[in-house]
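Heads up: the sequence shown runs through residues 1 to 643, numbered per UniProt numbering.
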Amino acid sequence: MTTPALLPLSGRRLPPLNLGASAFPHHRATLRLSEKFILLLILSAFITLCFGAFFFLPDSSKHKRFDLGLEDVLIPHVDTSKGGKNLGGFLIHGQGHDEHRHREEEERLRNKIRADHEKALEEAKEKLKKSRDEIQAEIQTEKNKVVQELKKKDSKPLPPVPLPNLIGINSGEPADPDIQEKRNKVKEMMKHAWDNYRQYGWGHNELKPIARKGHSTNIFGNSQMGATIVDALDTLYIMGLHDEFREGQEWIDKNLDFSVNSEVSVFEVNIRFIGGLLAAYYLSGQEVFKIKAVQLAGKLLPAFNTPTGIPWAMVNLKSGVGRNWGWASAGSSILAEFGTLHMEFVHLSYLTGDPVYYNKVMHIRKLLQKMDRPNGLYPNYLNPRTGRWGQHHTSVGGLGDSFYEYLLKAWLMSDKMDTEARKMYDDAIEAIEKHLIRKSNGGLTFIGEWKNGHLERKMGHLTCFAGGMFALGADGSRDDKAGHYLQLGAEIAHTCHESYDRTTLKLGPEAFKFDGGVEAVAVRQNEKYYILRPEVIETYWYMWRFTHDPKYRQWGWEATQAIDKYCRVSGGFSGVKDVYSSSPTYDDVQQSFFLAETLKYLYLLFSNDDLLPLDNWVFNTEAHPLPVLHLANTTLSGNPAYR
């Protein structure tokens, strides 16, 4: 059985890739040749200086002392009335010292210079024995020391900012006993996932529930940053699991450190960590979450140092060096990654009063607005050096998805004042509907992928979020098409439910085809896995909120039971490798997004609408709720839409 490669994995991000570890080479940072020459020149100059000081030492009869910490010093001449002797504008104290002492101290000085010279030569020899990586690491360490000292001097408390009107953060209890029982079941599943992570993976990014130990992927680099803790906080809070929430808060306060030498995904760290910390701050009011979010955001800013301002996919949190994924088209950045920063960065500017975050994401938007789009579609790849599109591959699933989501949500989060974002969303959705959305022979509406002028009739689990997006964007759509887009959302929800219903486990595959007689079924072995993904349940929840059709709660309950039956193990929850097998094998990973998204959306599905009402909250792509910034609260006057 082929084991699917699952790196990098996250809510709405990368498509299924059957690649080994070699597909993600870890390029160690190395010194360029010119940098080594500069280092040698500096060492040579230092040695030359030492030789010069030794052989061209000034004559002692002309300059009685050098200020090298000796007892007698030169001081500016002020007054000669006390018996001092004026020599070239300087007063020499200690007159009457004999020449013998002068010679001794002169010899001491020569010996000191000679010793310093020999020490410098030894250090130079030792440096040249080291590898380029070691030399660079030492230079970086010294740089970091300076940076940390400057930070200590310049660190200022964040300005007090009035919190937006926060509504519906601890309610939602359903009156129906049956629905209440289902909601309590979801809460119990959350507690099972959290308690096992707490016992076996605490502080690690994720959990291996069968091996009962910590787990991480390359999206978090080599660091243990407690991704599950940060990702789960707001879910714990809205479920009323306040003891568990306080455990997470205490760990974050004492242990969450971003000054690690680790290369992380800018996108994943933004949606999981910054999004999670901001949501925890808004829900609880605890300042530590805001402070940590701002600290981390500062570590991501160097990723934007590219010729175009389009950020690198990855950045080293310590050095600030960025690069792109090796597999991305010709060194390109990815649309769904650089296009999924807006919500979090606008909130960062709001909370800090610093426009730098807002300006970064608005620059990306302005650049995209100027570019030609083939058939009105946004390709998934953009080169951050040249500002040109990579290969013409368009997807509403992995690589593209959350870019479109954030255009709509930028408008919603601005209290529907950011009309520029709404126009971009409407234009994009019209092109998607024209070129990518089709009906199968069996009557199932699906969203394909555009690849070099050809429509691939395949839909990913990630793409299933779009049903909820269409419903969320129905109100305010052009030409009074609200009913049309709500219906489109319902059709996508139905198709994605079919992808679940046509499997043995009643859990959806990673991708499914609509070719010939095959509809809503995975064909390739490496597309048959389910890794606790939330997108289908997310769409059920949005459709429930906008229609209150009971079938969405029924479908959500089917998924809840399937997850509990086939993914639950004694040490937590695990993904499964084949949803068409009656005895599937586990992948042994409890993804952080299972706690952040899947269980949160299920809990909300069985809650009343007054819990996190959509008029007041907008969910980021990791299901972290951020409040709508009403015009009276915002200071983002740089965007005409906010004025």
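Yeah, the Cβ is synthetic: ideal placement off N, Cα and C, and Gly gets one too.
For clarity, every value in this text was computed on a predicted model and none was experimentally measured.
Exposed or buried, which one is residue i when buried takes at least 16 other CB atoms within 10 Å?
i	result
E523	The sequence shown places Val at residue 523, rather than the Glu named in the question. Answer is exposed; the Cβ neighbour count stays below 16.
L163	exposed
D234	buried
D439	First, the amino acid is wrong: residue 439 is Lys here, not Asp. Counting Cβ neighbours within 10 Å, K439 comes out exposed, since fewer than 16 surround it.
V161	exposed
A232	buried
M190	buried
E173	exposed
N441	exposed
A562	buried
P550	exposed
Q369	exposed
T141	exposed
A211	exposed
L9	Since pLDDT at L9 reaches only 41, below the 50 mark, its modelled position is unreliable, and the value read off the structure follows with that caveat. So L9 ends up on the buried side.
H497	buried
V536	buried
Q136	buried
N170	exposed
P311	buried
K318	buried
S131	exposed
A330	exposed
V269	buried
M469	buried
For residue i, collect the residues of the same chain with a Cβ closer than 6 Å to its Cβ; drop the 5 residues on either side in sequence, then sort them by chain order.
i	result
H27	Unreliable positioning characterises H27 in this predicted model, as indicated by a pLDDT of 39, which lies under 50. A coordinate reading is not provided.
A410	H342, D418 and A421
S216	N205
P625	A279, L612, W617 and F619
G214	G201 and H204
V361	L341, H342 and F345
G572	A193, N196, L207, P209 and Q590
residue 722	Lying outside 1 to 643, the shown extent of the chain, residue 722 is not represented and no answer is given.
K366	none
A474	A482, Y485 and L486
Provide the residue span of the beta strand (DSSP E) that contains residue i, from first to last.
i	result
N608	First-last for N608: undefined, no H or E at that position.
W327	No beta strand (DSSP E) contains W327, which DSSP labels as neither H nor E.
H215	K213 to H215
W450	E449 to K451
S265	E263 to S265
A511	A511 to D515
R438	I437 to K439
A232	Premise fails: A232 lies in the alpha helix (DSSP H), A227 to I238, not in any beta strand (DSSP E).
W389	W389 -> no beta strand (DSSP E), and no H or E assigned at all.
P625	P625 to P627
Please list, in chain order, all residues of the same chain as residue i whose beta carbon is under 8 Å from its beta carbon, the five residues on each side excluded.
i	result
H242	L236
residue 687	What is shown of the chain runs 1 to 643, which leaves residue 687 out entirely.
G285	L163
residue 677	Since the first residue shown for the chain is 1 and the last is 643, residue 677 is missing from the structure and cannot be characterised.
Y603	R183, V186, K187, M190, T235, I238 and M239
Determine the extent of the alpha helix (DSSP H) in which residue i is found, giving its start and end residues.
i	result
A471	A466 to L472
S284	G275 to S284
K112	E99 to K129
A559	P550 to Y566
E498	A482 to D501
G309	No alpha helix (DSSP H) contains G309, which DSSP labels as neither H nor E.
I271	First-last for I271: undefined, no H or E at that position.
G298	E287 to L300
A596	No alpha helix (DSSP H) holds A596; DSSP gives it neither H nor E.
H454	Taken as a continuous stretch (DSSP letters only), H454 belongs to no alpha helix (DSSP H), being part of the beta strand (DSSP E) at H454 to E456.
V346	H342 to T352
F619	It is not in any alpha helix (DSSP H) - F619 instead sits in the beta strand (DSSP E) that spans W617 to F619.
Return no unless some Cβ of chain B is closer than 7 Å to the Cβ of residue i.
i	result
V260	Protein chains in the displayed structure number just one, and chain B is not present.
Rounded C-beta distance between residue i and residue j? I'm assuming under 8 Å.
i	j	result
A336	L408	14 Å between Cβ atoms; not a contact.
G226	N255	7 Å
Y529	E510	5 Å
A490	M543	6 Å
T539	F446	The Cβ separation is near 13 Å, so there is no contact.
V396	L436	7 Å
S262	G221	3 Å
V315	P307	Not a contact, Cβ separation roughly 16 Å.
W541	L605	5 Å
Here's a check: name, in chain order, each residue in its chain whose Cβ is nearer than 7 Å to the Cβ of residue i, leaving out the five neighbours to either side.
i	result
V288	Q249, I252 and D253
P374	H392
S349	P355, Y357, Y358 and L636
D426	S477 and R478
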